[in-house]
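Reviewing the structure listed below.
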Amino acid sequence: MSLPTRQLGNTDLHITRVGFGAWAVGGGDWAYGWGEQDDAESVAAIRYSVEQGVNWIDTAAVYGLGHSEVVVARALADLPAADRPLLFTKCGLVWDEENPLTPPARIMKPASVRREVEDSLRRLDVETIDLYQVHWPTECGTPIEEYWQVLADLKSSGKVRCIGLSNHDVPALDLAEKVSHVDSLQPSFSAIERRNAAEIAWCAANDTGVIVYSPMQSGLLTGAFSAERVAALPENDWRRQSGDFGKGLAANLALTDALRPIAERHGVELAAVAVAWTLAWPGVTAAIVGARRPAQIDGWLPAAALELTADDLAEITAAIERTGAGRGPVSPE
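Residue numbers are given in numbering that gives the first Met the number 0: position 256 of the sequence shown equals residue 255, and the series is strictly consecutive.
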């Protein structure tokens, strides 16, 4: 299947407007796991997404403490080179092997980054990573100018093709840009989480690509959740600790219900509308969308080509204002 693509900033990567997010396929038993996950279903979901035309996968070393990268490699192992998707991963979250449930530390010391990239190359079973990203601003004291230079050096050496930042604000982007061009930014963004609009605008002005994550707000905007289902989430699902699934749940579910008429008009599921809303923002190149089994992909795949009308966008803006869901600007205007 052929899906619409966009150039990622000014790089030579042309990516489909939706990509496969491999956070959940890392499984449970770590600080930010999604509960138990069957590897066979993960492999099937990854392969199905590629068969449907998705041409990139986003993962991270920390997802499942290395397990997500291993599963991604397993899913792609027997694909011909021409059919292999682009691989994006991240560094900077370092875990304690002996205490896997302890939240990983944000470390971007040069030696640590160089060790991480080699580990990711090995787990992914590739010679070059297509997009290598800093997961979070460091808490180890290393200046951004220093760790961004390390990523620029990795790019020059050919270990990675492009470099990006995730979860960094405008001042950090300004500092990094002085060292080497920021090829991409990965911010959290959805109809509920809208606080990164300023960062997206910065990217639009600086030829930096944007791939947003959690466009369905970890499943809340798919229509699959109720108060009862949230209460039944397993203890090792990180969403039990999220305010969006706690005090903000009623407003978020009300916003989700407000998307139903729009989904019905376009003949798609709620997930597709939620993702398409993020793609309607100027500056957004593509969206990372997760799946734990193949059937879930059919729900969001139509977002790749779905163009919401001005009336659709106005209706969503009104619903955000009426329900009070989330935080941040309410409209792409």
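Yeah, the Cβ is synthetic: ideal placement off N, Cα and C, and Gly gets one too. Remember, it's a predicted structure, so these values are computed and weren't measured experimentally.
Helix, strand or coil: which one does DSSP assign to residue i?
i, result
"E223", "Inspection of the sequence shows that residue 223 is occupied by Ala rather than by Glu. In the structure shown, A223 sits in coil (DSSP, three-state: anything other than H, G, I, E or B)."
"R160", "strand"
"I191", "coil"
"Q51", "coil"
"V229", "helix"
"V267", "coil"
"K246", "coil"
"L184", "strand"
"A304", "coil"
"Q148", "helix"
"V274", "helix"
"V209", "strand"
"L316", "Correcting the residue identity first, residue 316 is Thr in this sequence and not Leu. In this structure, T316 counts as helix in the three-state DSSP scheme."
"T15", "strand"
"A290", "coil"
"D236", "strand"
"V283", "coil"
"G20", "strand"
Nearest to residue i by alpha carbon, out of the options?
i, options, result
"V267", "A249, L307, R228", "L307"
"I191", "A313, E198, S217", "S217"
"F19", "A257, P214, L312, P328", "P214"
"V283", "H13, T10, Y131, V209", "V209"
"K158", "W22, N54, E117", "E117"
"P84", "L252, R121, R105, V125", "V125"
"E314", "I261, P281, L269", "I261"
"R121", "S67, G32, D173, P136", "S67"
"P170", "I287, I162, I143", "I143"
"E320", "Q185, E198, R193", "R193"
"L278", "G91, L305, W55", "L305"
"I128", "Y146, P136, R160", "R160"
"R114", "C139, V178, L153", "L153"
"F244", "G325, S155, W276", "G325"
When the distance is taken between beta carbons, is residue j closer than 8 Å to residue i?
i, j, result
"L258", "V272", "yes"
"D206", "L7", "no"
"G323", "L269", "no"
"T141", "K108", "yes"
"V53", "V112", "no"
"L312", "P328", "no"
"A43", "R292", "yes"
"E198", "L184", "yes"
Checklist entry - At which residue ranges does the segment 97 to 138 contain complete beta strand (DSSP E) runs of 3 or more residues, listed in the order of the chain? => result Annotation note: the segment 97 to 138 contains the following uninterrupted beta strand (DSSP E) runs of length 3 or greater, listed N- to C-terminal: 128 to 133.
Checklist entry - Should the segment 39 to 51 be called in touch with the segment 200 to 219, which here means at least 3 C-beta pairs below 8 Å? => result Contact between the segment 39 to 51 and the segment 200 to 219 is absent, with fewer than three C-beta pairs closer than 8 Å.
Checklist entry - Do the segment 291 to 305 and the segment 231 to 240 touch if we need at least three Cβ pairs shorter than 8 Å? => result Not touching, per the Cβ criterion.
Item to check | Continuous beta strand (DSSP E) assignments of at least 3 residues falling wholly in the segment 24 to 76 | outcome: 55 to 57, all fully within the segment 24 to 76.
Checklist entry - Are there three or more Cβ pairs, one per stretch, closer than 8 Å when the segment 72 to 83 is compared with the segment 94 to 103? => result The answer is no - the segment 94 to 103 does not touch the segment 72 to 83, with fewer than three Cβ pairs under 8 Å.
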